[in-house]
Every structure is written in C-alpha cells, then in structure tokens.
Amino acid sequence: MIVTDARSFGAALRAKRKAMGYTQAYLAEFTGFSVSFISDLERGKSTAELGKALYLANLLGLHVSLDERDGSQ
C-alpha cells in the first residue's frame, strides 16, 4: 500500500490492528498512548505525533519507508 496522506496511513494501521485482533484499548494499555490518540491516528488526524505514529506502525509489524518516485506518480 502506498501511503499518500494521514488518512491512508491511519487506514493501514487500523486494518493491521484489526487483522491482529487487537483493540485500541489493548494498544493503549501496551504502549501508554491514549485510546483517543490511537483513534485520531486511525481516522487520519493530521496533527498526530509522527514519532508515536511510526512506533505504532512498527509495533504492528508494518514497514514504513520513503522511496523516490520514478516520475510517473
């Protein structure tokens, strides 16, 4: 999946969390982040903290990479 904005990043996190059978409450307890932060992130709120967002992505087993476009995108 190519992430182009906060909404698609959040959707990817939500899909992976649900596939793993985790609730937002479980992740909040495990990470110390609030449920509202996780919810905001999954809904694509653009003011979410990047460090926390990347931490959650990694925790859920998602790779986050930045690749140069080939010019056709």
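Following my numbering, the numbering of the sequence shown begins with 81 at its first residue and continues without gaps. Note that beta-carbon positions come from the ideal geometry of N, C-alpha and C, so glycine has one too. From a predicted model like this one, the values you see are computed outputs, not experimental measurements.
DSSP, read as helix, strand or coil, puts Y106 in helix.
In the DSSP annotation of this structure, I82 is not part of any alpha helix (DSSP H), being labelled neither H nor E.
Straight-line measurement puts the Cα of R123 at about 10 Å from the Cα of L93. Taking C-beta atoms as the reference points, F110 and K132 fail to come closer than 8 Å. Contact annotation, M100 with L140: C-beta distance approximately 7 Å; criterion of less than 8 Å satisfied. Ranking F89, T84 and I82 by CA distance to the CA of D120 puts F89 first. In this structure, the straight-line span from the alpha carbon of M81 to that of D147 is close to 13 Å.
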